[in-house]
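Counting the sequence shown from 1 gives a position; the working numbering is that position plus 376. Note that CB positions come from ideal geometry on N, CA and C, so glycine has one too. Because the structure is a prediction, the values reported are computed rather than measured.
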Amino acid sequence: MQIKNRHIPIAVAVLTLVAGIRLGTAATQEDQPTDRGKKDFVEMGCFQCHGYQGHGGRAGPRIAPKPLSLEAFTRLVRKPPNVMPAYSPKVISDEQLKRIHEYLKSIPEPPEVSTLPILSEE
Ligand code: HEC
């Protein structure tokens, strides 16, 4: 029993090290602008109305994979015409909007309905 107890700090150290390495890897993977854009898209709550992939949801229209030009996109987020809440530069920077825009552009088109095997079966 005593021996086991002495092993606990070692086990904790090993686990911390492993977790640290895994977090480190995750951080490097997140360095892609599109990944950071996705993070902002989620953290800023855009996904709640526009869906995780920007394909449109209950409240917001589809905004991916072909969003408006960056200028029009930024203008719209700063001053939406209707239901959408306005996001001031204090809340979300131009840099973040640019990354979100990159992320939205990187989202693949959904497949053509005619290419779905289940729908072409006789
Ligand atoms: C509360 C729901 C809601 C949230 C949150 C929201 N939107 Fe919207 N968004 C809308 C609605 C609704 C519209 C349609 C215009 C309007 O009603 O103002 C819209 C329109 C847009 C448009 C224009 C679409 C087009 O092609 O005409 C863009 C771009 C956009 N949103 C981006 C964003 C981004 C980026 C975020 C996060 C920073 C965000 N939205 C957060 C609801 C939302």
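Residue i (DSSP reduced to helix, strand or coil)
| i | result |
| --- | --- |
| TYR463 | coil |
| ALA448 | helix |
| GLN332 | Absent from the structure is residue 332, since the part of the chain shown begins at 377 and ends at 498. |
| ARG434 | coil |
| LEU391 | helix |
| LEU492 | coil |
| GLY455 | Correcting the residue type first, residue 455 is Lys in the shown sequence and not Gly. Reduced to three states, the DSSP call for LYS455 is coil. |
| GLY413 | helix |
6 Å Cβ shell around residue i - same chain, five flanking residues per side excluded
| i | result |
| --- | --- |
| THR343 | As shown, the chain starts at 377 and ends at 498. That puts residue 343 outside it, with no answer to give. |
Contact under 8 Å by Cβ, residue i with residue j
| i | j | result |
| --- | --- | --- |
| HIS426 | GLY436 | yes |
| PRO441 | PRO484 | yes |
| MET420 | ILE386 | no |
| GLY433 | LEU480 | no |
| LEU452 | HIS477 | no |
| PRO456 | ALA462 | yes |
Own chain, CB closer than 7 Å to residue i, minus 5 neighbours either side, in chain order
| i | result |
| --- | --- |
| VAL489 | LEU495 |
| ASP470 | THR450 |
Sequence-distant residues of its chain with Cβ nearer than 8 Å to residue i (five each side left out)
| i | result |
| --- | --- |
| SER464 | ARG454 |
| VAL418 | TYR428 |
Distance cut-off 7 Å: residue i Cβ against heavy atoms of ligand 3
| i | result |
| --- | --- |
| VAL467 | Ligands displayed in this structure: ligand 1; ligand 3 is not among them. |
Quiz item: What is the chain-ordered set of residues for which the beta carbon lies under 6 Å from any non-hydrogen atom of ligand 1?
Solution: MET420, GLY421, CYS422, GLN424, CYS425, HIS426, ALA435, GLY436, PRO437, ILE439, PRO443, LEU444, PHE449, LEU452, VAL453, PRO456, PRO457, ASN458, VAL459, MET460, PRO461, TYR463, ILE468 and ILE476
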